[in-house]
Amino acid sequence: MNDDDLKRDLKDAYSVTPRDEEQFWTDFKRRASATEQPMPESRWQQLVPPLGMRWALGTVTVAVIAMFVSIRPHFVSAPPVVQSIEISQPFDSYFILEDERNEGTVVWIEGI
Amino acid sequence: MKRLGIALFILGALPLWSIAPGATLSVRLVVAHNENNKISKALQDVRPTLQRNLGYTGYDLLTRKDLKIPPGGTVDLGSGFQLKCSGSQKSLRVKLTRNKKRLFDTTLNLRKGKPVILGGFKVKRGRAMVILVSK
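So the sequence lines, in the order shown, correspond to chains A and B.
For the first sequence, this note's numbering gives the first residue as 2, with consecutive numbering after it.
For the second sequence, this note's numbering gives the first residue as -3, with consecutive numbering after it.
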């Protein structure tokens, strides 16, 4: 077998007949539709919770903030009862006493 | 956006709950003494505070007046004492005078039902005091 014979035999065995363009695309689309897959979700879509969960999160957030606003005074130390005092007469001494048990306040000025 | 609006409305309305529309200020002039151990019936609400913090055995109520705060006003308590107050319960300015001489000027943050005793002023029988209670 010489070179020419080999070339001819190879050509006969692996010859490719090019299809026309229209036939190619028709075939391609048919195969593509048969194996269609869902588009992957974007990163943002993956992070956003579903609608029901968004409602739940919103409601819980509002409830927690409302609770914090309404009960905050119980946790924050109350401002002092006596904000300021100015004694206008000569005096010996004075004291301000906040009675926690009876929740009363005494301002006592001696020597006036 | 609608939900956000509702949430903001609720949050905005919450502080309104804590705003008192107004209060009544009870003003009492009391003399503390050691002549006996009687305490006026009209002082029963402040009896624990008096007995726990002041070393007197008897407490006599001389005068009682009520004032709306705000706006406040001036009350004549007798025995030469006059009390002038202005502002609201949370920031009440109180001036006390005796025989037209100013004794002191103070600003108080009153809590409802919690008494504030301002006293120590020498009088014949003992010591005079003014008891303020916001109701």
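Where is the CB? At the ideal position from N, CA and C, for every residue including glycine.
Everything numeric in this text was worked out from a predicted model, so none of it was measured.
- Query: If we call anything under 8 Å between Cβ atoms a contact, is D56 (chain B) one with V27 (chain B)?
  - Reply: The count along the second sequence starts at 1 and reaches residue 56 (chain B) at position 60. The count along the second sequence starts at 1 and reaches residue 27 (chain B) at position 31. Yes, the Cβ-Cβ distance between D56 (chain B) and V27 (chain B) is below 8 Å.
- Query: Around the C-beta of L48 (chain A), are 16 or more other C-beta atoms found within 10 angstroms, so that it is buried, or is it exposed?
  - Reply: Looking up residue 48 (chain A) in the first sequence gives position 47. Label assigned to L48 (chain A): exposed.
- Neighbourhood of F96 (chain A) by C-beta distance below 8 Å, restricted to the same chain and skipping five residues each side: Translated into positions along the first sequence, residue 96 (chain A) becomes position 95. So the qualifying residues of the chain are V107, V108 and W109.
- Query: At a Cβ threshold of 8 Å, is G105 (chain A) touching chain B?
  - Reply: Position 104 of the first sequence holds residue 105 (chain A). Yes, because at least one Cβ of chain B sits closer than 8 Å to the Cβ of G105 (chain A).
- Hey, which unbroken runs of the alpha helix (DSSP H) at 4 residues or more fall wholly within the region 18 to 89 of chain B? Uninterrupted alpha helix (DSSP H) stretches at least 4 residues long and entirely within the region 18 to 89 of chain B occur at 43 to 49, given in chain order.
- Task: Would you verify that the beta carbon of I35 (chain B) is, or is not, closer than 8 Å to some beta carbon of chain A?
- Result: To locate residue 35 (chain B), count along the second sequence from 1; it is residue 39. No, its Cβ sits nowhere closer than 8 Å to a Cβ of chain A.
- At which residue ranges does the region 30 to 98 of chain A contain complete beta strand (DSSP E) runs of 3 or more residues, listed in the order of the chain? Qualifying beta strand (DSSP E) stretches, in chain order: 83 to 88.
- Message: Which same chain residues end up closer than 6 Å to T70 (chain B) when comparing Cβ atoms and leaving out the 5 residues on each side of it in sequence?
- Response: Translated into positions along the second sequence, residue 70 (chain B) becomes position 74. In the same chain as T70 (chain B), and ignoring 5 residues on each side of it, the C-beta atoms closer than 6 Å to its own belong to K80, in chain order.
- Task: Quick one: residues in its chain with C-beta nearer than 6 Å to the C-beta of D5 (chain A), no 5 flanking neighbours on either side, listed in chain order?
- Result: Along the first sequence, one-based indexing puts residue 5 (chain A) at 4. Counting only Cβ-Cβ distances below 6 Å, and skipping sequence neighbours, we find nothing.
- Burial state of F87 (chain B) (16 or more Cβ within 10 Å): Working through the second sequence from its first residue, we reach residue 87 (chain B) at position 91. For clarity, residue 87 (chain B) is Ser in the given sequence; the question names Phe instead. Flag for S87 (chain B) reads exposed.
- Between the region 99 to 121 of chain B and chain A, which residues of the former have CB atoms less than 9 Å from a CB of the latter, in chain order? Within the region 99 to 121 of chain B, the residues whose Cβ lies closer than 9 Å to some Cβ of chain A are L99, F100, D101, T102, T103, L104, N105, L106, R107, G109, K110, P111, V112, I113, L114, G115, G116, F117 and K118, listed in chain order.
- Query: Taking the DSSP output, what are the residues bridged to G121 (chain B)?
  - Reply: Translated into positions along the second sequence, residue 121 (chain B) becomes position 125. Here residue 121 (chain B) turns out to be Arg, not Gly, going by the sequence shown. Under DSSP, no beta-bridge partner is assigned to R121 (chain B).
- Task: Indicate the three-state DSSP secondary structure (helix, strand or coil) for K91 (chain B) in the structure shown.
- Result: Along the second sequence, read from residue 1 onward, the residue named residue 91 (chain B) stands at position 95. Here DSSP, grouped into helix, strand and coil, assigns K91 (chain B) to strand.
- Spell out whether any CB of chain B is found under 8 Å from the CB atom of S89 (chain A). For the purposes of this step, residue 89 (chain A) is taken as residue 88 along the first sequence, with counting starting at 1. Yes, S89 (chain A) lies at the interface with chain B (some Cβ there is under 8 Å from its Cβ).
- Task: Using the DSSP secondary-structure output, state which residues sit across from G105 (chain A) in a beta bridge.
- Result: Position 104 of the first sequence holds residue 105 (chain A). In the DSSP secondary-structure assignment, G105 (chain A) is bridged to A:D100.
- Query: If we ignore side chains and look at the alpha-carbon of each, how far apart do K91 (chain B) and R121 (chain B) end up?
  - Reply: Your numbering for residue 91 (chain B) matches position 95 in the second sequence. Your numbering for residue 121 (chain B) matches position 125 in the second sequence. Roughly 23 Å between the two C-alpha positions.
- Item | Proximal residues to I127 (chain B) (C-beta, below 7 Å), its chain only, five neighbours per side dropped | For this step, residue 127 (chain B) is matched to residue 131 along the second sequence. Residues R24, V26, V42, P111 and I113 of the same chain have their beta carbon placed closer than 7 Å to that of I127 (chain B), with the five preceding and five following residues left out of the count.
- C-alpha distance - I65 (chain B) paired with A38 (chain B), whole-angstrom precision: Within the second sequence, the letter at position 69 stands for residue 65 (chain B). Within the second sequence, the letter at position 42 stands for residue 38 (chain B). Cα to Cα, I65 (chain B) sits roughly 22 Å from A38 (chain B).
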